[in-house]
Structure formats: C-alpha cells, structure tokens
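Below you'll find the structure, written out as structure tokens, and then a few comments.
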Amino acid sequence: MTQFIDVRIQPVGGDLAKQVAVCQGASLANYTGATLGDLEDAIQGRHVLIATHGFNVDRANGIASLANWAGLLQLGPGAAFVGLLWPGDSVWAHGLDYPGEPRVADDAGALVGPFLDANFMSAASVSFASHSLGARVVLATIANMKMPVRRLTLMAGAIDDDCMNAEFQKAAQRVGTISVLASMKDTVLSHLFPLGNFVAGILTQGHPWWHAAIGHCGPTQTWPGNFASPFMIPDAWNFDHGNYLQINAPPVPSLVLPLDVPPQGAPPPGAGASGWQEAFTAAFESSRFR
Numbered sequence: 269m270t271q272f273i274d275v276r277i278q279p280v281g282g283d284l285a286k287q288v289a290v291c292q293g294a295s296l297a298n299y300t301g302a303t304l305g306d307l308e309d310a311i312q313g314r315h316v317l318i319a320t321h322g323f324n325v326d327r328a329n330g331i332a333s334l335a336n337w338a339g340l341l342q343l344g345p346g347a348a349f350v351g352l353l354w355p356g357d358s359v360w361a362h363g364l365d366y367p368g369e370p371r372v373a374d375d376a377g378a379l380v381g382p383f384l385d386a387n388f389m390s391a392a393s394v395s396f397a398s399h400s401l402g403a404r405v406v407l408a409t410i411a412n413m414k415m416p417v418r419r420l421t422l423m424a425g426a427i428d429d430d431c432m433n434a435e436f437q438k439a440a441q442r443v444g445t446i447s448v449l450a451s452m453k454d455t456v457l458s459h460l461f462p463l464g465n466f467v468a469g470i471l472t473q474g475h476p477w478w479h480a481a482i483g484h485c486g487p488t489q490t491w492p493g494n495f496a497s498p499f500m501i502p503d504a505w506n507f508d509h510g511n512y513l514q515i516n517a518p519p520v521p522s523l524v525l526p527l528d529v530p531p532q533g534a535p536p537p538g539a540g541a542s543g544w545q546e547a548f549t550a551a552f553e554s555s556r557f558r
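Listed below in structure tokens is the structure:
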C-alpha cells in the first residue's frame, strides 16, 4: 500500500483542507485513512521521497498516477515513498500564470511544511518530486518547513523559469541537489504558460513580465550551485505534459540504473514500449535520488 498525505476535502474539486490527513492505498477503491503511527512506521530511519501531482487532477487520478509511478521507482534500500494529494482541480484557470492566479498550490505548501516538521523528524532524510503545478506546492512546502531537504526534482514544472533565483530562491538554497525534467514538446506549457488564454498575444518574449515555464525551456541560465544538469528531454521523443505521470500505464520493465537525460538525437529507452515514458521518469528520479 502506498502511503499518502492528503490535503483535499472532496474527491473532485473542493477547497483545501484545514489539516493534513494520513491515508494509504493504491486506488480510490481501497484508499483508506491511516494513523500517524502507521506513517511513522513507514518512514522511520528511511530516506523519504514525497511526490505530488499537478493541476486539474482529482483524488482518484492522483492516487492512481502516484501509486503507479511508485511501483516503477528503484530508490534503493532504506527508502520510502509518500504521495501528496492536493486540490489542484479546485479551480481551472485556463492559464497557469496570469495576474490573480489561484493560490491553492501555495496554501497547500503552507499547510504541509509545518506538518512535515512535526511528523517527519524520524526520517533519515526528506526529498521531493513534482509534476506540473505541483512544483509550486513542493517549493512552497520547502519554504514553510525548517527541516533540510536532500533532493528535489521538478518534472514539467508549471512555474516561472527563474523560480530558483527569484520567488523561491531561499527555498532552493536549502536543498542539497535540484533536478529538472523539461521538454520543448510540452504542448500544455508552450500553449498555456505563461500568457493565459485571455492575454494571449499581449506579452511576448523579451517583455520584462514574460517568463517561460521551467518545465518547457528549463531554468534560466543563472543556475544555482546545487542544480544538476542535464535536464532537456530529446525533442524526438515528443515528450508531452501527460507523459511524466501516466494513469494506469501498462507495466513496463524497470530500466537499468543509473539513467540520465541523453543528448539530442538519442533513441528513447525501453525500445519505445507502451509506458516507456513513465519508466524513464521513474528511472531518472531513482538515479538522481541515490
């Protein structure tokens, strides 16, 4: 059973919860409440990876995608996985970074950070991985916690490309190593970020308010010292926004570690078998986690 911390109220939509719930399961059908004791038993003395999903994901899809991905990870002995569910579908903004953007992701991080400080002290270390707008959730969590963070991986991050040097600079400095996975073939981030539908065409590259998504073009070239490259997935792989955490993807063989982002022109791993994309992101995270 996958362990989860859950800050949702409703299975679909709904507001952010007032407190963090502890749950476990592999699908919505067997998703049940658990105790803090159950969680502590799962993480005590272990290197913990907390992973979360992105925007427009309900509880059922969040459970399925994270539990599925957890099954592909090869984190090594002494590690534990915990999924983080948040109401990324509470508001659908039709654009990810326009003025007045809902702050659900930030508020989720403000709730989860103190919870980790209070309940994860028995872990050997804490690391994070995220997809899409989950990048803002985990960065806000780090900004609101006192514990050190060992590793951070932002996959298809729906957040400004300068986030590690601007808004979340202090949080980024508290991480041992930061990794990014980005794709120029991400149609969601290239079409919806950063303009938003209602201002499309008003701001253009070069405007001082213009920022690309870190999950589309990668981080700005002023990289922090704890940033690990490479990060850009080969264009020929056609890696789209939904390929990082697929829901109920068919089982694929675990890829041989260590695995890193290859140069442009390299063939996809797993001989292009169905579900190879998720196997790749799991192998990438497993390699950077160790």
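Every number in this note's numbering is 268 more than the matching position in the sequence shown, counting from 1. From the three backbone atoms N, C-alpha and C, an ideal C-beta is built for every residue, glycine too. Please read all numbers here as calculations on a predicted model, not as lab measurements.
In the DSSP assignment, H321 falls outside any alpha helix (DSSP H), carrying neither H nor E. Note on R558: under 16 other CB atoms within 10 angstroms of its CB, so exposed under the neighbour-count rule. Excluding the 5 residues flanking it on each side, Y512 has same chain C-beta neighbours closer than 6 Å at H399, M423, A424, T549, in chain order. Counting other Cβ atoms within 10 Å of its Cβ, N298 stays below 16 and is therefore classed as exposed. As DSSP reads the structure, T490 sits in no beta bridge.
A residue is called buried once 16 or more other Cβ atoms fall within 10 Å of its Cβ, and V280, having fewer, is exposed.
In the DSSP assignment, H484 falls outside any beta strand (DSSP E) and within the unbroken alpha helix (DSSP H) covering 482 to 485. By the Cβ criterion, the segment 508 to 527 is not in contact with the segment 490 to 499, since fewer than three pairs of Cβ atoms, one from each stretch, lie closer than 8 Å. For A439, the CB contacts under 6 Å within the same chain, skipping 5 residues up- and downstream, are L407, I410, A411 in chain order. L334 is positioned such that its CB atom lies closer than 9 Å to that of L353. Three or more Cβ pairs closer than 8 Å define a contact, and the segment 307 to 318 falls short of that threshold against the segment 485 to 497. Under the 10 Å beta carbon count, S395 is surrounded by 16 or more other beta carbons and is classified as buried.
Within 10 angstroms of the beta-carbon of P537 lie 16 or more other beta-carbons, which makes it buried. A403 sits away from G282, with the two beta carbons spaced by 9 Å or more. At a cut-off of 3 residues, the continuous stretches assigned as beta strand (DSSP E) that sit fully inside the segment 378 to 464 are 393 to 399, 417 to 423, 443 to 449. Taking all protein chains in view, the Cβ of T455 is surrounded by fewer than 16 other Cβ atoms within 10 Å, so the residue is classified as exposed. Annotation for L401: G322, F323, G356, L364, A373, A426 place their beta carbon closer than 7 Å to its own, counting only its chain and skipping 5 residues before and after. Rounded to whole angstroms, the separation of the alpha carbons of K453 and L523 is 23 Å. In the DSSP assignment, L334 falls within the alpha helix (DSSP H) that extends over 327 to 340.
When rounded, the separation of the alpha-carbon atoms in Q532 and N506 is 12 Å.
Rounded to whole angstroms, the separation of the alpha carbons of L296 and A328 is 5 Å. The Cβ atoms of G346 and S554 do not sit closer than 9 Å to each other. The beta carbons of D528 and S451 sit no closer together than 9 Å. Straight-line measurement puts the Cα of D326 at about 19 Å from the Cα of L379.
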